[in-house]
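This note's numbering numbers the first residue of the sequence shown as -18 and each following residue consecutively.
Backbone N, C-alpha and C define an ideal beta-carbon position, used for all residues, glycine too.
What you are looking at is a predicted structure, and each value in this text was computed from that prediction instead of being measured.
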Amino acid sequence: MTHRTLLRGAAVATLALALAACGATSPTSPAATPDASTEDAGTVGFQQIRNATIKLDYAGTTFLIDPMLAAKDAYPGFEGTYNSEVRYPLVELPMPMSEVMDADAIIVTHTHADHWDDEARRSLPRNLPLFVQNEADAESIRQDGFTDVRVLTRDTVFNGTQLSITGGQHGDDQAMAVAGEALGQVMGVVFQRPGHETVYLAGDTIWNAQVEDSIQQYQPDVIVLNTGYARIQGLDGSIIMGKDDLYRAYQAAPQAKVIGSHMEAVNHAMQTRQDLHDHIKATGMDPERVLVPADGESYTF
Ligand SMILES: [Zn+2]
């Protein structure tokens, strides 16, 4: 069992990732690195960038996940969705793009433009290892000139870390019946390595049996959910998760930290961080175990 020291605040963001990357220990997690000679320090760094774009520093390897890199207001709102007249991203990146792009590998859970945008396609180094859910997404990304695109499996290993693809559905059955082609296929990812917290990134999915099964199977210590409650015009409910699903995960994984991401950055995401904070209070969830990071904020586990 590794220590679960948690650093909060944007001020430690860069620091936490840098520390994790070089195997040093942070002052508030004295037992995290007993042996400075090993790069494998047991540290997992999470950083919220913006929308679903996050960085995970796992055992010294930095994964950039679902990069949407454009400047504020670069794109028209998603057609047919709520607030489609509003341009997105709603906010700027919280740090210089060069800093965001500083990674060892990229993971694209699906190719919707708020997870893999024109700016990312244009700007990211073509030779970085890039993991996708299937051959169709791989082919599309290879067409942009990326040369090391790999399809994730249930037992992919990268730099000694096990990456496992998990299932999901980008909307309920009604949404899939009406807009299934546009919503497409999605994946989540589980990160595992002995001596490290297991991290489950669910991706753009609603709460369903696939999510429950992934939690049961992998028993994650950290669960990252996309909880912006994105909505399509004319459909009930959301095509991703929302505050109620934060509570579901909290109950389904009583030992895990649960992180809410994918909020306040695209036009059709209808629940805010404040909505989540209010819900955390109203349901009596432990705020130490349910985290709603601001853009740029980071934690180490
Ligand atoms: Zn999304």
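Classification of residue i by the beta-carbon crowding that lies within 10 angstroms, buried from 16 upward
{"i": "P57", "result": "exposed"}
{"i": "T24", "result": "buried"}
{"i": "A(-6)", "result": "Low confidence applies to A(-6): its pLDDT is 37, below 50, so where it sits in the model is not reliable, and the reading given next is rough at best. With 16 or more other Cβ atoms within 10 Å, it is buried."}
{"i": "E178", "result": "buried"}
{"i": "C3", "result": "Summary for C3: the model assigns pLDDT 37, below 50, so the residue's position carries little reliability; its value from the coordinates is reported in the next sentence. When all chains shown are included, C3 counts as exposed."}
{"i": "G265", "result": "exposed"}
{"i": "K262", "result": "exposed"}
{"i": "D217", "result": "exposed"}
{"i": "T9", "result": "Any answer about T9 is weak, because its pLDDT of 38 lies below 50 and its placement is not dependable; what the coordinates show is given next. Under this definition T9 is an exposed residue."}
{"i": "A(-1)", "result": "In this prediction, A(-1) scores a pLDDT of 36, lower than 50, which makes its location untrustworthy; no coordinate-derived value is stated."}
{"i": "R107", "result": "exposed"}
{"i": "A17", "result": "With a pLDDT of 38 at A17, under the threshold of 50, the predicted position of this residue should be treated as unreliable, though the coordinate-derived value follows. Exposed, because fewer than 16 other Cβ atoms sit within 10 Å of the Cβ of A17."}
{"i": "Q236", "result": "exposed"}
{"i": "V138", "result": "exposed"}
{"i": "A12", "result": "Below a pLDDT of 50, predicted positions are generally treated as unreliable, and A12, at 39, falls in that range; no measurement from the model is reported."}
{"i": "Q252", "result": "buried"}
{"i": "Q150", "result": "buried"}
{"i": "T6", "result": "Reliability fails at T6, whose pLDDT of 35 lies under 50, so the model's placement of it is uncertain and the value that follows must be treated cautiously. The residue in question, T6, is buried, as its Cβ has 16 or more Cβ neighbours within 10 Å."}
{"i": "D38", "result": "buried"}
{"i": "K53", "result": "exposed"}
{"i": "G126", "result": "exposed"}
{"i": "E278", "result": "buried"}
{"i": "Y280", "result": "buried"}
{"i": "P274", "result": "buried"}
{"i": "Q28", "result": "buried"}
{"i": "S79", "result": "exposed"}
{"i": "S134", "result": "Note on residue identity: the sequence assigns Thr, not Ser, to residue 134. Looking at its Cβ environment, which holds fewer than 16 other Cβ atoms inside 10 Å, T134 is exposed."}
{"i": "Q200", "result": "exposed"}
{"i": "R212", "result": "buried"}
{"i": "A84", "result": "buried"}
{"i": "T19", "result": "In this prediction, T19 has a pLDDT of 45, which is less than 50 and means its spatial position is unreliable; nothing more can be read from the coordinates."}
{"i": "R103", "result": "exposed"}
{"i": "P15", "result": "Low per-residue confidence applies at P15: pLDDT is 38, beneath 50, and the placement is therefore not dependable, though the value from the model is reported in the following sentence. That one is exposed."}
Terminal residues of the beta strand (DSSP E) in which residue i lies
{"i": "S65", "result": "Unbroken run through S65: none, as it is neither H nor E."}
{"i": "K238", "result": "238 to 242"}
{"i": "T137", "result": "137 to 139"}
{"i": "Y280", "result": "279 to 281"}
{"i": "R107", "result": "Unbroken run through R107: none, as it is neither H nor E."}
{"i": "I204", "result": "203 to 207"}
Beta-bridge pairing of residue i - partner residues as DSSP gives them
{"i": "K36", "result": "Q28, L45"}
{"i": "Q171", "result": "Checking the sequence, you will find Val at residue 171 rather than Gln. According to DSSP, which records beta bridges pairwise, V171 is partnered with S145, Y181."}
{"i": "Y56", "result": "Y69"}
{"i": "R212", "result": "According to DSSP, which records beta bridges pairwise, R212 is partnered with nothing at all."}
{"i": "L272", "result": "I240"}
{"i": "F112", "result": "I88, R131"}
{"i": "A246", "result": "A246 pairs with nothing; no bridge assigned."}
Where the alpha helix (DSSP H) through residue i begins and ends
{"i": "S104", "result": "99 to 104"}
{"i": "I196", "result": "190 to 199"}
{"i": "A158", "result": "154 to 164"}
{"i": "R131", "result": "Where R131 is concerned, there is no enclosing alpha helix (DSSP H), although the beta strand (DSSP E) it sits in stretches over 130 to 132."}
{"i": "A230", "result": "224 to 233"}
{"i": "S79", "result": "78 to 82"}
{"i": "H260", "result": "254 to 264"}
Cutoff 8 Å: residue i Cβ touching any chain D Cβ
{"i": "V192", "result": "Judged by its chain identifiers, the structure shown contains no chain D, having just a single protein chain."}
For ligand 1, residues whose Cβ lies under 5 Å from any non-hydrogen atom: D95, D185
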